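J.: Numbered per our numbering, the sequence shown spans residues 1396 to 1744. Backbone N, C-alpha and C define an ideal beta-carbon position, used for all residues, glycine too. Note that the coordinates shown come from a computational prediction; the quantities given were computed from them, not determined experimentally.
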Amino acid sequence: MTEAGISSLLRAIPLPSLLIAHDERILGANELALALLGPQIVGRHFITALRQPAMLDAIEGTLRDGTRRTTRYLGSEGSQDTSFVVTVSKVETDLGAGALLCFEDVTHLEQAGQMRRDFVANVSHELRTPLTALMGFIETLQGPAKGDAAATERFLTFMQSEAKRMERLVRDLLSLSRVEAEERVRPMDRVDLGKCIGSVLHSLRATAESGGVSIDLQEPGTPVIVPGDFDLLTQVATNLIENAIKYGAQGKVVHVTLETTGHASELRGPAAILTVRDEGPGFDPLHIPRLTERFYRVDTHRSREMGGTGLGLAIVKHIVNRHRGRLRIESQPGQGAQFQVILPAGRQG
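(1) With a threshold of 7 Å on Cβ separation, who are the neighbours of residue 1801 within its own chain once the five nearest residues in sequence on each side are excluded?
(2) Return helix, strand or coil for residue 1690, following the three-state DSSP convention.
(3) By alpha-carbon positions, which one of 1648, 1626, 1583 ends up nearest to residue 1609?
(4) So, does the region 1448 to 1458 touch the region 1535 to 1545, judging by three or more C-beta pairs under 8 Å?
(5) If distances are taken between C-alpha atoms only, which option among 1577, 1729, 1627, 1476 comes closest to residue 1677?
(6) At what residues does the beta strand (DSSP E) containing residue 1466 begin and finish?
(7) For residue 1423 and residue 1405, which I take to be in contact (beta-carbon distance under 8 Å), what is that distance rounded to the nearest angstrom?
(8) Please give me, in chain order, every unbroken run of the alpha helix (DSSP H) with length at least 4 that falls completely inside the region 1432 to 1463.
(9) Report the CB separation of residue 1596 from residue 1612 in whole angstroms; it is logged as a contact under 8 Å.
(10) Between which two residues does the alpha helix (DSSP H) carrying residue 1589 extend?
(11) Is the beta carbon of residue 1723 closer than 9 Å to that of residue 1735?
(12) Give every residue of the same chain whose Cβ lies closer than 7 Å to the Cβ of residue 1408, excluding the five residues on either side of it in the sequence, and list them in chain order.
(13) Please name the residue or residues paired with residue 1670 in a DSSP beta bridge.
(14) Decide if residue 1633 is buried, meaning its Cβ has at least 16 other Cβ atoms within 10 Å, or exposed.
(15) Have a look at residue 1465 and residue 1483 and give me their C-alpha separation to the nearest angstrom.
(16) Is the region 1438 to 1447 touching the region 1520 to 1530 in the sense that three or more CB pairs, one from each, lie closer than 8 Å?
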């Protein structure tokens, strides 16, 4: 294989690739490899360009015995670490035997694996607290409080509360799993958002009254129809309005607004907009980018006291994504919080 043939071959490979000659100098590299390793690597000894010990061992081994080897290469792209699986293979050229290196980016797989590990750790942590409490109550009822009717009644109340907390967590985990599994399938039923919100307000009336919160609903005089799934959109409205009731200040108002627009810049077309705004303490805007992460809470202690699982906004985000919509969050300390769901009003694909 001539130098021209080598250059043509490397350009055709859709991965960062480079060829090391038998004299251990880099004979050629495609544009992807130059972007990854530096623009001046061609002609240099491979040790000066690839300094990681595992890489050097694999290259030296393949140049020595011709056996294909696989190793890892760790790089960086801006502030993000990257990870590559590198295949080192023997090739024959007009200049003698060499080694062809191909870099496969597996950063996304590493990130997915880390997300799974974090998720399992978070679920374990969320379940451990109520389970520990239940075990403690059971041991007390079997021991010091055995036969004490008043203590039994009190502990059973606590146990029921902890069991309900676990039930909410399992329910939200199942709901999140279902929504994520079907996120790429867009629902196309005709949904009247006004009826959806009306049913939510009816079901949350007792919660609002017990919290001393009133709800102000503003909606157009005509039906607001969007393509979607009634049950899923009901869940979005329920999560947002229930959060506003729980975390808004007692004696204040939760403002629920439904409106339409002929052109939403986020969607580049007609849209229906549901806005839920509370008059509570609000929070620092630095939390906004992470609010829809699983188990992320602005105030962990208060959220758990209120019965939150830390999954509500993650569910909302995935449902809105499934409907090809947008979720916008705004807040400032002392000025309440506003959550806005923008949904396509037409039947775009």
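T.: On the basis of the data shown:
(1) Because the chain is modelled from 1396 through 1744, residue 1801 falls outside the range shown and cannot be assessed.
(2) coil
(3) 1648
(4) no
(5) 1729
(6) 1464 to 1472
(7) 5 Å
(8) 1441 to 1444, 1448 to 1460
(9) 7 Å
(10) 1588 to 1598
(11) yes
(12) 1425, 1497
(13) 1652, 1735
(14) buried
(15) 6 Å
(16) no
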